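Numbering (the numbering used here), first residue to last: 279 to 376. Ideal Cβ placement from N, Cα and C applies to all residues, glycine included. Nothing here was measured: the structure is a model prediction, and the numbers come from that model. Heads up: the structure comes next, in structure tokens.
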Amino acid sequence: MLYPHFYPYVVPGWFDKSLRWRRGSAINFRRALIIAPSPELIARLPGGKIPDRDDFYRLPDDERIRAWRQVLSESRRLGDELGNLLATGKIVEHLRPI
């Protein structure tokens with residue numbers, strides 16, 4: 279199963295997302311490939327985080343739109359990089375077990 283995700287870990291339930299000690303068991307993902315941005319990439323994003331709904335309350339429209347466009351640009355770059363890794367077969371060099 280291909281699982282594009284925001285983070286390199288999975289939280290079992292929506293309401294558990296704020297509980298740092300709650301994570302999905304690796305046994306449940308033994309046949310999954312989770313694709314997630316690195317902490318370094320997230321640190322380069324505006325505010326050092328992935329945009330979320332709270333941005334609508336925290337940021338003025340022009341600032342929020344500018345930040346989200348920067349994230350879209352990074353996402354395109356990541357998509358291009360993934361395409362290259364798949365085309366060359368080098369994706370195997372970037373896989374890590376959970």
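C-alpha of W346 to C-alpha of S303: approximately 32 Å in a straight line. The beta strand (DSSP E) runs lying completely inside the stretch 311-370 and spanning 3 residues or more are 311-313, given in chain order. For L280, the uninterrupted beta strand (DSSP E) segment begins and ends at 280-282.
Judged by their CB atoms, L360 and I313 are nearer to each other than the 8 Å cut-off. For P282, the number of other beta carbons within 10 angstroms of its own is below 16, and it is reported as exposed. Contact between the stretch 351-359 and the stretch 325-339 is not established, with fewer than three Cβ pairs separated by less than 8 Å. A straight-line Cα-Cα distance of about 21 Å links E318 and V289. Annotation: P324 to G367 spans about 32 Å, alpha carbon to alpha carbon. Taking C-beta atoms as the reference points, D333 and R342 count as a pair closer than 8 Å. Closest by C-alpha distance to F284, out of S316, F307, Q348, P375, is S316.
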